[in-house]
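K.L.:
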Amino acid sequence: MGGSPQKVGLGLRRLVVQELLPYIALILAGLQYNLIIALSAFVAGLAVSFALSALSLSSPQAAGLVAMVSRAVRGVPPLVLLAATYWLLFPALRLPPDALLACIVAFTIRTTAFQVQILNAAASSVEKGQLEAALSLGLSEREAVLHVVLPQSLRAALPALFNELSSLLKESTLGIALGILDALARARYVSIATGYSLIWMLVAGLLVYAVSLVVLRFSRILQGKLAVPGTLGAGVAELWR
Amino acid sequence: MEVVLEAVNLVKRFGDLKVLDGASISLRRGEVKLLVGPNGSGKTTFLKCLNLLLRPDAGSVYLEGVEITAPGVDARFARQRVALVFQEGYLFSHMTAFENALFGPFKVKKLPRSEAKGLAAEALETVGLDRRFWNLYPAQLSGGQRQRVAIARALAMEPAVILYDEPTSNLDPVGAEEVAAVIVGLARSGVTSLVVSHDVSLAADLGAEACLMWKGRIVLSGRLEELPGLAETVGDGEIALFVRALARRLEKAGRVVACRQLNC
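Chains X and E, in that order, give the protein sequences.
The first sequence begins at 7 in my numbering and counts up by one.
The second sequence begins at 2 in my numbering and counts up by one.
(1) With H, G and I counted as helix, E and B as strand and the rest as coil, what does DSSP make of G230/X?
(2) Quick one: grab the DSSP three-state call for M214/E.
(3) Give the interface partners of P235/X over in chain E, defined as CB-CB distance under 8 angstroms, in chain order.
(4) Terminal residues of the continuous alpha helix (DSSP H) containing V122/X?
(5) Roughly how many angstroms lie between the CA atoms of V221/X and G23/E, to the nearest whole one?
(6) Check G185/X in the structure and name its three-state DSSP category.
(7) Between L167/X and L228/E, what straight-line distance do the alpha-carbon atoms span, to the nearest angstrom?
(8) Considering D206/E, what are the terminal residues of the alpha helix (DSSP H) in which it resides?
(9) Express the C-alpha separation of W215/E and E233/E in angstroms, rounding to a whole number.
(10) Looking at the secondary structure, which residues open and close the beta strand (DSSP E) in which R14/E lies?
(11) What residues match up with Y63/E in a beta bridge as DSSP calls it?
(12) With the cut-off set at 8 angstroms, would you say L124/E and L156/E are in Cβ contact?
(13) Using a beta-carbon distance below 8 angstroms, is E89/E in contact with chain X?
(14) I need the boundaries of the alpha helix (DSSP H) containing S59/X, first residue and last residue.
(15) To which residues of the same chain is A183/X closer than 8 angstroms at the C-beta, ignoring the five residues directly before and after it?
(16) Under the three-state reduction of DSSP, which class applies to L263/E: helix, strand or coil?
(17) Which of the three DSSP states, helix, strand or coil, is assigned to L35/E?
(18) Taking 6 angstroms as the limit between beta carbons, can you name the residues of its chain near V196/E, skipping five residues before and five after?
(19) Measuring straight from C-alpha to C-alpha, what distance separates A79/E and N136/E?
(20) Quick one: what does DSSP say S25/E is sitting in, helix, strand or coil?
(21) Can you tell me which of the three DSSP states V220/E falls into?
(22) What does L142/E pair with, by DSSP beta-bridge criteria?
(23) When Cβ atoms are compared, which residues of the region 136-154 of chain X fall closer than 8 angstroms to chain E?
(24) Counting only beta-carbon atoms, is R20/X nearer than 8 angstroms to chain E?
(25) In chain E, which residues lie less than 9 angstroms from Q158/X when you measure between Cβ atoms?
(26) Which of the three DSSP states, helix, strand or coil, is assigned to L125/E?
(27) Taking 8 angstroms as the CB-CB limit, is L85/E close to chain X?
(28) Under three-state DSSP, which class holds K19/E?
(29) Interface residues of chain X around L54/E at Cβ under 9 angstroms?
(30) Pick out the complete alpha helix (DSSP H) segments inside the region 189-214 of chain X, 4 residues or longer, and give them in chain order.
(31) Anyone know if the C-beta pair for A140/X and H153/X falls short of 8 angstroms?
(32) Buried or exposed, going by whether 16 or more other CB atoms sit within 10 Å of the CB of W93/X?
(33) Does the distance from the C-beta atom of R30/E to that of T193/E stay below 8 angstroms?
(34) In angstroms with no decimal places, state the Cα-to-Cα distance between V9/E and M96/E.
(35) Does any residue of chain X have a CB that is nearer than 8 angstroms to the CB of K108/E?
(36) Throw me the rounded Cβ distance for the S178/X and F113/X pair, which I believe falls under 8 angstroms.
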């Protein structure tokens with residue numbers, strides 16, 4: 007009874023290296039699915055939202071339609087959207103039943119509904135007079151939106167857009183419903199295998215949290231880089247400088 | 002002298018409201034005209050129609066002899082040649098002063114970068130903006146500096162004519178004087194200009210022919226000091242009242258004495 011301290015140390019090391027690390031590696035490997043789903047949906051959603059926002063700016067009818075569809079999609083619970091994409095949309099389009107692809111498509115639809123609203127709200131913060139000034143110089147409407155409205159609305163939208171990416175990262179754990187073995191799904195299996203549930207959920211949670219922190223940190227750096235000097239975008243500290 | 006810009010019987014409606022009701026004007030090369038009139042008389046709409054930022058419902062605008070309101074003429078061509086300086090300036094707030102001046106020649110005319118930069122620099126020199134402000138953003142500039150950059154942005158396009166919409170009315174006296182000096186300087190150097198302004202010192206310094214806009218048409222035109230006398234001949238009490246008020250302000254500013262001589 008009562009081994010030497012050195013023995014306890016060795017035992018702990020054995021426990022960590024041989025018992026825990028493989029499980030942690032297993033969960034970490036699942037994180038790739040969260041990243042793939044969240045990042046692909048975010049980028050695809052941003053591209054579609056840009057187009058829809060530009061369309062909304064150019065035509066009131068289009069703006070009304072976009073707003074209506076966006077409202078409808080935002081009201082659908084994400085799990086229902088996942089199921090509908092996988093079991094209704096994919097068969098209807100004769101697409102192969104690929105769970106990962108269905109996840110990406112479902113979350114792209116969902117995030118587009120949010121991002122287009124973010125971009126449109128941000129565009130309305132740009133002075134109408136600046137658009138008129140660009141047009142009065144002889145620019146086409148499309149160029150004026152591209153060079154004058156979008157650069158400014160993107161700056162205004164940046165924090166909200168990165169919040170959206172951060173919530174996508176968390177929502178992507180719903181992929182388990184389609185059998186995607188993401189970090190959280192793996193943590194559940196490990197919980198069952200080891201008999202400890204809280205600790206593995208915490209491990210999975212911490213991993214997702216760490217990625218979210220990186221995303222938000224990146225957002226702050228980008229905001230700082232793009233901030234227009236002399237405006238509050240550069241930070242409140244600018245006021246007292 | 003050749004007529005640069007001519008508008009004939011412009012009509013513009015917004016719904017039931019007839020904002021322009023047969024407004025006409027003509028500017029010869031190098032000529033400067035002042036446009037006055039009460040709020041809501043259609044001055045801003047008139048300028049926007051001359052620049053084709055708004056399309057008139059009826060009437061024609063001729064630029065250097067070409068009818069730019071004719072079907073098939075690209076409005077963008079007209080806008081590049083007829084510059085418009087707004088009351089609030091409306092600089093692009095995410096661009097520096099220099100980038101604002103560069104925008105027209107580089108992004109609109111699509112000139113090579115070095116040539117566009119030359120035009121932008123020349124325009125900023127012309128409006129007298131000190132070089133140390135060139136890389137500052139609009140939010141870091143004073144009102145007068147911002148409005149001068151707005152004029153430089155218009156100048157860099159090398160327009161045939163510049164239309165100013167109350168360019169000094171949002172500025173403090175110092176800023177207003179700065180901007181007025183630039184506009185008068187440009188006018189004297191032969192830049193064809195149409196200036197909407199009730200800034201009496203700018204108006205007097207321009208010494209230009211004044212046109213009075215009233216309910217969507219130009220009802221009077223003549224030298225500023227002759228307007229009160231002319232107004233009496235129109236036989237509209239309200240018009241006479243407006244012109245007298247304008248003349249009183251000029252007189253208070255110590256600019257024009259002709260008003261008293263005309264017994265108005």
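Idealized CB from N, CA, C, for every residue including glycine.
Bear in mind the structure is a predicted one, so any value in this text is a computation, not a measurement.
P.N.:
So, from the data block:
(1) helix
(2) strand
(3) L137, Y138, A140 and Q141
(4) A105 to A129
(5) 60 angstroms
(6) coil
(7) 58 angstroms
(8) V201 to L207
(9) 15 angstroms
(10) V4 to F15
(11) E7/E and E68/E
(12) Residue 124/E is actually Ala in this sequence, not Leu. Yes; because the gap between Cβ atoms is below 8 angstroms, this pair is in contact.
(13) yes
(14) L27 to S64
(15) L85, L88 and A89
(16) Low confidence applies here, because L263/E scores a pLDDT of 44, under 50, leaving its location unreliable and the question unanswered by this model.
(17) strand
(18) L35 and Y165
(19) 30 angstroms
(20) strand
(21) strand
(22) Note: L142/E sits in no beta bridge, so no partner.
(23) Q136, E138, A139, A140, L141, S142, L143, G144, L145, S146, E149, H153 and V154
(24) no
(25) F93, S94 and H95
(26) helix
(27) yes
(28) strand
(29) E138, L141 and S142
(30) 189-200
(31) yes
(32) exposed
(33) yes
(34) 38 angstroms
(35) yes
(36) 7 angstroms
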